[in-house]
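6 protein chains.
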Amino acid sequence: MKLPKFEPTEAILSGETADVYFPRTIEILRHESLDPVATMEVFTSRAGTLCGMEEVRALLARVLPEDNHEVWALAEGETMDRKEVVLRITAPYQSYGVYETAIVGILAHCSGWATAARECVEAARGIPVISFGARHVHPSVVGVMDYSAIVGGCAGCSSIAGGRLAGIEPSGTMPHALIIIMGDTAKATIAFDKYMPPEVPRVSLVDTFKDEAEESLLVAQALGDKLNGVRLDTPGERGSVTTDLVKEVRARLDMVGFTKVRIFVSGGLDLERIRHFIESGAPVDGLGVGSYISGAKPIDFTADLHEVEGKPIAKRGRIPGITPNPRLKRIM
Amino acid sequence: MKLPKFEPTEAILSGETADVYFPRTIEILRHESLDPVATMEVFTSRAGTLCGMEEVRALLARVLPEDNHEVWALAEGETMDRKEVVLRITAPYQSYGVYETAIVGILAHCSGWATAARECVEAARGIPVISFGARHVHPSVVGVMDYSAIVGGCAGCSSIAGGRLAGIEPSGTMPHALIIIMGDTAKATIAFDKYMPPEVPRVSLVDTFKDEAEESLLVAQALGDKLNGVRLDTPGERGSVTTDLVKEVRARLDMVGFTKVRIFVSGGLDLERIRHFIESGAPVDGLGVGSYISGAKPIDFTADLHEVEGKPIAKRGRIPGITPNPRLKRIM
Amino acid sequence: MKLPKFEPTEAILSGETADVYFPRTIEILRHESLDPVATMEVFTSRAGTLCGMEEVRALLARVLPEDNHEVWALAEGETMDRKEVVLRITAPYQSYGVYETAIVGILAHCSGWATAARECVEAARGIPVISFGARHVHPSVVGVMDYSAIVGGCAGCSSIAGGRLAGIEPSGTMPHALIIIMGDTAKATIAFDKYMPPEVPRVSLVDTFKDEAEESLLVAQALGDKLNGVRLDTPGERGSVTTDLVKEVRARLDMVGFTKVRIFVSGGLDLERIRHFIESGAPVDGLGVGSYISGAKPIDFTADLHEVEGKPIAKRGRIPGITPNPRLKRIM
Amino acid sequence: MKLPKFEPTEAILSGETADVYFPRTIEILRHESLDPVATMEVFTSRAGTLCGMEEVRALLARVLPEDNHEVWALAEGETMDRKEVVLRITAPYQSYGVYETAIVGILAHCSGWATAARECVEAARGIPVISFGARHVHPSVVGVMDYSAIVGGCAGCSSIAGGRLAGIEPSGTMPHALIIIMGDTAKATIAFDKYMPPEVPRVSLVDTFKDEAEESLLVAQALGDKLNGVRLDTPGERGSVTTDLVKEVRARLDMVGFTKVRIFVSGGLDLERIRHFIESGAPVDGLGVGSYISGAKPIDFTADLHEVEGKPIAKRGRIPGITPNPRLKRIM
Amino acid sequence: MKLPKFEPTEAILSGETADVYFPRTIEILRHESLDPVATMEVFTSRAGTLCGMEEVRALLARVLPEDNHEVWALAEGETMDRKEVVLRITAPYQSYGVYETAIVGILAHCSGWATAARECVEAARGIPVISFGARHVHPSVVGVMDYSAIVGGCAGCSSIAGGRLAGIEPSGTMPHALIIIMGDTAKATIAFDKYMPPEVPRVSLVDTFKDEAEESLLVAQALGDKLNGVRLDTPGERGSVTTDLVKEVRARLDMVGFTKVRIFVSGGLDLERIRHFIESGAPVDGLGVGSYISGAKPIDFTADLHEVEGKPIAKRGRIPGITPNPRLKRIM
Amino acid sequence: MKLPKFEPTEAILSGETADVYFPRTIEILRHESLDPVATMEVFTSRAGTLCGMEEVRALLARVLPEDNHEVWALAEGETMDRKEVVLRITAPYQSYGVYETAIVGILAHCSGWATAARECVEAARGIPVISFGARHVHPSVVGVMDYSAIVGGCAGCSSIAGGRLAGIEPSGTMPHALIIIMGDTAKATIAFDKYMPPEVPRVSLVDTFKDEAEESLLVAQALGDKLNGVRLDTPGERGSVTTDLVKEVRARLDMVGFTKVRIFVSGGLDLERIRHFIESGAPVDGLGVGSYISGAKPIDFTADLHEVEGKPIAKRGRIPGITPNPRLKRIM
């Protein structure tokens with residue numbers, strides 16, 4: 026994956042998204058003519074996968090003075106330990122102090138998503154995981170959420186914005202709405218095949234009107250060799266997708282020769298359910314994960330000043346001076 | 026609280042934040058010349074406080090055809106039951122189908138925040154709760170997050186963006202960084218008082234260098250009657266703020282006559298800790314809550330078609346036709 | 026319900042089903058010419074519904090001497106407390122001693138079934154419960170098992186033997202085997218209707234080949250007003266029957282006018298699942314319970330001598346002499 | 026152990042113990058002149074020890090047509106996995122369809138007992154386990170229950186019927202009733218010795234009137250070298266048999282030279298208590314287990330048609346066609 | 026109960042039992058000529074029954090200066106709340122500072138015992154509880170332990186030292202050793218009756234050689250109307266005393282006319298077992314409690330200076346100045 | 026550690042601390058002229074560290090007849106198993122019978138303390154543990170309690186009496202009272218240094234008035250190289266001592282060159298907290314443990330006669346005759 030080029034928004038640069046006490050602090054320091062070179066360290070509250078550092082770098086590149094700065098950090102996607110320092114900025118405080126809220130906020134939210142995604146990917150033991158959670162977060166963060174999921178190891182994502190940031194094509198089959206409006210799953214699948222460009226895989230959603238196994242056979246017969254896969258998304262009202270259902274659909278497809286049609290599963294997948302599918306040996310070809318990733322709790326980060334004008338200092342509860350961490354690389 | 030005027034962004038209007046299968050669906054329907062009037066219902070996966078409906082309305086106002094539509098909904102901030110329908114849209118499907126991802130995403134994220142905020146507010150039994158979680162979410166949603174917290178009942182928030190949306194002044198004391206750079210809590214408090222406009226309450230942060238009780242007395246003596254309050258934010262490394270600490274600071278302030286100085290508490294507050302403070306009778310005057318609100322899990326919403334051209338229909342697992350809900354009001 | 030006429034088998038009367046030490050004891054006593062009038066009391070190890078007493082009475086009627094006996098007991102179907110004496114026999118010991126194993130065995134097994142049945146009936150709060158457990162016990166006890174379930178409050182049972190003992194018609198729809206052999210649910214239902222006598226209710230099993238809701242509509246359309254009900258028996262591999270499925274089938278049947286078709290549910294029902302159906306308000310018209318009743322653990326009973334020739338006596342751990350219990354009635 | 030010759034009863038052969046819908050199905054199929062060769066597979070709901078297969082074979086031998094059949098099965102006493110197919114019948118459906126209830130009922134009940142017995146035998150690590158549960162089940166199944174316990178590994182059983190089926194002598198000491206009627210344990214033991222044939226082991230029950238240790242010494246002194254063992258059966262009212270009691274009785278017997286008198290324990294033994302006895306090193310020579318074995322929950326079995334006239338078929342939730350299982354042997 | 030006259034030992038008065046830093050502190054203060062009037066408050070770490078205050082008062086009476094002192098306290102045996110101040114001493118610090126260890130130690134240990142005793146007494150709902158724990162504590166505290174149990178509500182105690190302090194006769198039956206040496210329970214009981222003064226109740230221990238019920242009848246027959254009671258103390262190796270044993274002994278005694286012989290129970294009694302006896306309705310006439318009382322964890326007390334020379338002061342974590350408690354009475 | 030010379034008190038020798046039934050037993054035996062040589066064995070109710078045996082030996086040395094006795098025992102401080110015999114006395118019963126209460130009481134209380142101490146010492150993995158619990162027990166047992174803690178492995182104790190028994194100097198820093206009376210921690214530390222003999226380590230208590238880190242630096246600067254250590258004893262009201270606090274104090278001391286100043290921790294330490302400190306790698310130099318050791322539940326011991334005049338005998342529940350234990354050594 027190629028790292029994207031982030032561009033900080035005007036709202037962030039203007040300080041509008043900051044906690045109000047930061048702009049006030051800068052104002053006071055200006056009145057007092059205080060602008061010492063200060064070293065801020067950022068550490069994490071729990072272990073996980075670091076994400077958001079690229080966006081933070083793009084922000085710092087816009088605000089730090091040209092010469093007088095030094096920034097050390099872990100790289101996007103690296104694992105991090107609890108309480109590990111992941112970022113260290115040394116520069117005149119007035120240049121970056123107002124961005125503390127934005128910096129730790131970006132890291133918190135993105136690392137939360139990436140960490141949850143990696144848990145799913147590890148639980149899936151090689152079966153591709155697709156991020157399907159765009160519908161559970163505010164559209165303003167759909168892009169960074171899906172990008173973070175990709176950083177965490179997902180093989181794809183459903184949103185166009187996420188695909189663009191991550192530099193990949195978004196993935197998706199078809200919604201129930203299409204089938205309901207066309208009134209028939211096979212008909213909708215044929216229309217999909219007719220109008221979609223050839224590079225879009227033909228995957229049909231097979232739980233809308235009839236039994237999943239029955240509908241799988243119907244769309245396979247309708248589309249023949251062009252059918253790439255079926256997606257099972259049985260609602261909780263019908264007991265959700267079970268491992269036995271996957272096995273049965275596989276067997277019934279194979280029996281009539283559709284051994285190449287792949288089976289994708291979605292609907293309420295979390296770590297426990299993913300592990301259950303993997304351990305039961307259900308022949309799944311892909312897993313669509315929604316709110317387990319997109320609703321992951323952000324990982325809180327803390328920022329502290331540890332040196333002012335080269336002198337170790339810290340608030341109570343922290344140890345003054347630079348915290349050694351040989352894993353950090355100088356990035357600016 | 027006056028409801029804000031939301032303005033959908035270009036990214037949302039263009040469909041870029043949508044799941045890719047929705048733009049594809051619209052494309053297929055256009056090829057098939059299918060644009061039936063369809064009724065979509067949105068229901069929630071768990072009980073809580075509804076938020077985001079104003080932003081959804083602003084979006085629909087931009088995309089629905091002028092005449093041929095009907096929208097029914099619960100109002101911003103209302104409580105909602107598990108599985109209750111909160112929104113019902115009837116209009117030509119091509120006009121709004123591509124926005125399903127955005128609509129349920131806005132409701133999910135905002136309702137998650139508002140619901141968590143209301144839990145805190147109820148646990149606090151009248152003690153004001155301030156949203157301090159801007160630093161734990163991506164800056165792109167800082168504003169809507171703090172706005173949702175206010176909808177849920179918070180008395181204030183720390184971000185400028187959130188304050189603007191909610192139509193209130195943001196709240197904040199001072200960061201540890203100001204005190205560390207000025208090297209002394211009393212000195213920083215005096216500077217704060219000197220340069221801040223008179224309407225900003227003088228609240229000092231008293232756990233940076235010395236024992237909280239000692240530092241409280243020092244800033245009270247430095248600022249005299251002008252001191253509005255102190256904020257206790259003892260880090261976990263020092264055992265966090267305890268109820269006994271609050272009682273002791275209150276007693277020591279009172280002993281020397283500072284009975285009007287208020288005490289604010291922040292740092293790792295969740296429902297259990299808030300209840301503990303309230304039940305122990307600790308004399309707290311305000312509670313700053315961070316990641317319990319900002320990191321609240323979004324409340325998943327589900328959107329389903331229930332009628333097409335006036336005929337009841339639904340996918341398996343749902344009941345065809347309009348779901349009666351007398352609490353809905355027509356909003357468009 | 027009219028109490029049945031039980032007839033002890035030759036195997037029981039011959040002592041062949043007894044613990045071997047009882048025939049041996051009788052042999053020793055005969056050699057010693059000891060045949061005192063002895064009083065045996067039988068008490069239960071836990072609370073429940075007494076069942077089997079009619080069968081025990083039939084046995085005693087065959088073996089006790091004509092004059093010299095007295096038998097007191099609780100009645101079939103009465104509730105009993107833990108450690109309560111439910112049966113007291115006074116007669117020459119040689120006449121009944123060898124039947125101790127059979128007497129407590131009958132009471133243990135039958136009371137276990139009746140008690141489990143009553144739990145289900147109480148959990149179902151008025152919805153009829155049918156005993157469907159014949160397939161989970163040895164055919165030698167199918168009859169007494171279903172009879173005990175009826176004593177416990179079940180409205181019906183599936184076995185012919187049970188129905189005969191309880192004096193009712195056995196209940197049943199059709200097996201999956203009929204549908205599979207006929208190859209189509211509607212066809213099987215029509216054949217059922219064609220050949221079954223008019224008093225057998227027309228209830229179709231609707232989960233064999235297609236989605237339950239779909240198949241329900243198909244059989245309703247095929248049989249019209251003659252259809253009495255449908256039975257949902259979704260296997261665990263498909264998530265079992267859910268409360269939402271029942272609601273949806275009800276709604277879809279009602280929508281096309283089949284409001285009189287009843288819905289029966291079976292498959293893995295236990296107390297927890299019965300309560301879940303009742304509390305969720307699912308419109309169920311009957312519940313078929315299998316192994317929760319038929320596999321109920323027998324309730325152990327203990328038999329002790331408390332008087333010999335009118336003198337109180339007892340082994341260690343028991344209190345010598347007659348145990349007062351005003352609830353006992355003289356039955357022989 | 027030599028396998029017994031089972032003989033199906035008239036009640037089973039007549040279909041009277043069947044679920045009523047099976048006779049009805051046969052009636053419908055006859056009217057429709059449908060009698061296809063069908064393959065039924067039977068699988069188990071949980072792992073355990075298979076039992077009842079001999080009785081099932083005896084039943085099939087009576088009902089299947091002479092030529093047109095094939096039966097594959099696991100053998101009596103084999104272990105089976107969860108969901109493993111243990112029996113496969115291919116024959117004209119009308120010949121065996123009505124016996125589905127009986128076939129799965131026999132396997133369910135017998136396998137439940139055998140599985141519980143094997144658990145006890147394994148927990149006892151070589152100490153013989155005797156089935157003492159006849160008094161906790163209906164006399165109609167006493168024989169098959171004790172037979173199943175022997176299949177599961179028990180060294181003996183108390184019922185005459187069970188002993189006959191398993192081809193062994195039933196085991197037993199003497200009941201409390203004998204001692205109470207004779208009024209003295211030593212006297213009863215002497216009478217037992219006087220009248221019982223020489224092959225019956227002289228085992229005395231030593232908890233009726235006096236302390237167990239005291240009574241053990243009394244019967245040992247009364248019978249001398251002829252005493253084979255004592256049985257401890259202390260009731261729960263006196264704290265049940267403890268491991269220390271066994272050790273003490275052993276020590277007191279040894280002290281006066283009765284080192285060959287064996288000690289048997291019974292009363293409320295389950296897996297936990299058996300393990301406790303074994304792990305504590307209590308010198309037990311035999312364990313009598315009652316309701317843990319006889320009250321074991323039956324293991325549900327499921328029967329499904331998988332082929333009709335050679336064509337794979339199955340209801341929803343099952344996979345059509347023969348399920349491969351190389352462990353099956355052809356038995357008919 | 027009349028309060029005893031305590032007399033502090035030389036070891037306490039000399040400071041030898043103190044934490045070494047208190048004598049050192051006094052030495053430093055003497056060198057510095059510092060002897061301010063200081064107020065020390067003592068509070069408890071958990072709720073319970075206060076005990077030891079009389080002994081503390083006796084100590085203070087020996088060491089405080091004649092005039093210049095004031096002592097406020099709760100009374101012996103009063104209930105106290107968690108964190109409640111139970112003692113307040115105002116006097117020149119050098120006069121009492123060295124005794125802090127002794128003061129809080131006396132209160133801690135005695136209140137621990139009294140609190141546990143009261144729990145037993147409350148659980149026993151009117152049945153007398155006797156403290157039998159002397160054998161589980163060091164003989165140096167046997168007296169104060171049993172005294173504290175009496176303060177907590179016990180009706181008696183077994184130690185002579187405890188009886189003396191509490192001003193009552195010690196209670197006791199006879200040890201197993203007497204019976205073993207005399208070789209026979211009845212014989213030992215007759216000897217006891219022969220040599221003991223008439224005011225000692227004749228209570229026999231009935232579990233040494235034979236079954237408890239048997240031995241109870243033997244001693245009752247041996248002593249006739251002179252027998253006051255029997256004590257059941259069945260060891261754990263025999264299943265401990267059960268509620269059914271008590272009922273049976275009662276019944277067997279009553280059957281032969283010994284309705285006035287009382288039944289005392291001991292052996293491993295704790296709150297749970299006491300409640301079990303009471304709730305089961307076992308006819309117990311007295312309960313002997315050992316290590317539940319004598320092994321009770323001491324209740325930690327904390328002593329703090331709150332005023333020095335009339336000025337409020339306190340260490341961090343405490344509130345300076347006198348803590349109001351209207352329940353305190355001036356005792357010196 | 027050299028074993029101390031214990032001297033039984035008059036109260037013990039006179040039998041005043043005994044259960045009253047022992048003096049009564051001796052009186053009866055004297056009247057009956059019964060004084061057989063009897064063997065008493067003492068065993069423990071749970072595994073642990075044996076302590077008190079030296080004191081028991083001193084008692085027996087005073088009371089046993091010169092010639093006619095034999096005493097076997099485990100040694101002070103040895104580990105013992107559950108139910109292991111730790112002491113066996115053979116002598117005329119009248120000479121020692123009355124001391125049963127004292128013997129088992131001494132062993133119970135002392136072994137309880139020693140066992141808890143050893144648990145702490147093992148949890149501390151080499152970091153010295155000091156017994157600080159004198160303030161939680163009655164002063165009459167302060168000495169034996171601290172002695173037992175030393176036997177269990179503690180490196181020191183705070184009480185003078187405990188130190189004397191164990192033959193070591195008592196340990197201690199200074200109480201909060203000294204600091205409060207002198208009004209300043211540094212001042213108190215200087216006074217301590219001025220007046221204490223040189224062999225007393227200079228350890229200052231640093232949580233009285235200011236933040237612990239701040240106060241540590243103040244006393245280090247005040248006393249310079251003479252400062253041996255600081256003790257952190259943060260009260261629960263301030264969150265107790267945390268591992269991070271220890272790390273921070275260490276870092277801040279090191280930063281200004283006080284690398285030799287040691288850090289001691291006390292306050293509510295139990296096994297869990299000790300392990301937490303050790304596992305977190307906090308640089309602790311000593312741990313002061315209070316009520317976990319001093320409030321340890323005594324380990325009950327049981328004494329039984331097993332031989333009278335050379336003949337095996339025992340009460341029910343025990344095995345007559347000498348219990349073999351090759352670990353016992355003859356000590357008298």
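Residue numbers (my numbering), protein chains in the order written: chain A, 26 to 357; chain B, 26 to 357; chain C, 26 to 357; chain D, 26 to 357; chain E, 26 to 357; chain F, 26 to 357. Glycine included, each C-beta is placed from N, C-alpha and C at the ideal position. Quick caveat, the model's predicted, so the values are computed rather than measured.
Asked	Found
Lys-354(E) versus Gly-122(E) - alpha carbon distance	22 Å
3 or more residues per run - each beta strand (DSSP E) lying fully within the stretch 266–293 of chain B	287–291
Sequence-distant residues of its chain with Cβ nearer than 7 Å to Pro-345(C) (five each side left out)	His-331, Pro-337, Ile-338 and Ala-339
Bridge partners - Thr-42(A), DSSP secondary structure assignment	DSSP, once it has assigned bridges, lists no residue as partnering Thr-42(A).
Terminal residues of the beta strand (DSSP E) in which Phe-217(E) lies	Run containing Phe-217(E): none in the beta strand (DSSP E); it sits in the alpha helix (DSSP H), 210–220.
Contact list for the stretch 311–343 of chain A against chain F, Cβ threshold 8 Å	Pro-337, Arg-341, Gly-342 and Arg-343
Spatially closest choice to Phe-268(D) from Arg-49(E), Val-271(E) and Gly-264(E), by CA coordinates	Per the sequence shown, residue 268(D) should be read as Thr rather than Phe. Cα-wise, what sits closest to Thr-268(D) is Gly-264(E).
Where the alpha helix (DSSP H) through Thr-11(E) begins and ends	Any property of residue 11(E) remains undetermined from this structure, which presents chain E solely from 26 to 357.
Within-8 Å CB hit, Pro-345(A) to chain F	yes
8 Å Cβ cutoff met for Ala-148(C) and Ile-299(C)	yes
Inter-residue spacing [alpha-carbon to alpha-carbon] between Arg-275(D) and Glu-101(D)	39 Å
Start and end residues, beta strand (DSSP E) containing Gly-311(A)	311–314
DSSP-derived helix/strand/coil call for Thr-64(D)	strand
Val-255(C), DSSP secondary structure in three states	strand
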